[in-house]
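The next block holds one structure in the form of structure tokens; read it before the comments.
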């Protein structure tokens with residue numbers, strides 16, 4: 001049961017994962033959660049660091065697609081300045097949004113990775129979809145009210161994951 005919440009990698013910040021590292025892993029597309037993963041939930045403009053990382057992915061021909069549980073209106077408004085494609089109402093932890101994006105790109109499961117800051121939604125959805133995942137530290141220590149509920153349960157899951165998988169460690173990048 002715990003395996004559904006186990007990330008493939010745990011990286012402090014997605015910005016330290018280079019396109020070269022992704023390509024070494026056979027990854028041809030990055031799917032990402034939005035709030036507290038790509039952008040702070042209370043800052044839709046993103047950071048210069050995010051924009052640099054997005055440009056590096058673009059130059060390497062690696063598409064970045066937002067997979068979010070938020071409404072179409074909310075996600076569209078949030079990614080407007082970033083000019084990113086997205087799947088809204090993805091129903092994470094179910095795999096529907098991931099599958100929809102993967103099939104649209106015509107890629108195999110081994111060619112995509114899901115990035116997110118939550119075990120109970122992002123990582124569980126990736127595992128349900130049979131793809132690899134990168135758990136990142138949340139950009140902020142605060143969450144929207146509804147995410148706080150998930151974090152409460154996530155702390156319990158973390159304890160059990162660490163017992164069963166003591167080798168799970170935060171890394172600087174995929175090669176760490």
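Numbering (UniProt numbering), first residue to last: 1 to 176. Yeah, the Cβ is synthetic: ideal placement off N, Cα and C, and Gly gets one too.
Paired residues, beta bridge with residue 153 - DSSP = In the DSSP output, where bridge partners are listed per residue, residue 153 has none listed.
Exposed or buried, what is residue 60 when buried is set at 16 or more other beta-carbons lying within 10 Å of its beta-carbon?
-> exposed
Counting Cβ pairs, one atom from each stretch, are 3 or more of them under 8 Å apart for the region 118 to 134 and the region 89 to 103?
-> yes
Exposed or buried, which one is residue 154 when buried takes at least 16 other CB atoms within 10 Å?
-> buried
Tell me which same chain residues have a C-beta within less than 8 Å of the C-beta of residue 173, skipping the five on either side of it?
-> 11, 16, 17, 18 and 21
From 158, 30, 137 and 46, residue whose alpha carbon lies closest to that of residue 1 | 158
CB-CB length for residue 13 against residue 137, believed under 8 Å = 7 Å
Return helix, strand or coil for residue 170, following the three-state DSSP convention.
-> coil
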